[in-house]
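Note that the sequence shown covers residues 1 to 124 in the UniProt record's numbering. All C-beta atoms in this analysis are idealised placements derived from N, C-alpha and C, irrespective of residue type, glycine included. The model shown is predicted, which means the values in this text are computed figures rather than measured ones. See below for the structure under consideration.
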Amino acid sequence: MSREHEWVDEEAGPVVRPYAVARGRTRSASSEVDLLASVVATGSPAPANAELSAQHRRLMTCVAGQNRPVVEIASDLGLPVGVVRVLLGDLLQYGLVTVRPPRDKAATPSESLLREVINGLRAL
């Protein structure tokens, strides 16, 4: 039996290993691509030398016009976070996306404040 095209079922299509999607790379070309970082498409056209796969294009569609966290993008695309980080690193190098670091922890509400809000809502 040939494993050239391993299929899960007709609807799912062939199985593609994550390392194949990321072309064997395990790390992003950019250290900016944090799990909680937000990504948005820049709207710039792809440069002539850009090698964009179908997964790159799916990712661009996912972030077009909206600011989304890396983990949410991975979930929507059904890809491992590590693969999405590699693909985002490529898009960042081509200037097709902007990556914003996660919000500063000092800007987020404290646990005690959140508990007070929850208790207040429960009291209603």
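Quiz item: Does the pairing of the stretch 35-55 with the stretch 88-102 give three or more beta-carbon distances under 8 Å?
Solution: yes
Exercise. Give the secondary structure of ARG122 by DSSP, where H, G and I count as helix, E and B as strand, and everything else as coil.
Key: helix
Quiz item: Of the residues PRO69, MET60, SER110, ALA37, which one's Cα is nearest the Cα of TYR94?
Solution: Closest option to TYR94, Cα to Cα, is MET60.
Quiz item: By Cβ distance below 8 Å, which residues in the same chain neighbour ARG115 in space, the five residues on each side in sequence not counted?
Solution: none
Quiz item: Enumerated in chain order, which unbroken segments of the beta strand (DSSP E) with a length of 3 residues or greater are wholly contained in the stretch 38-78?
Solution: 38-41
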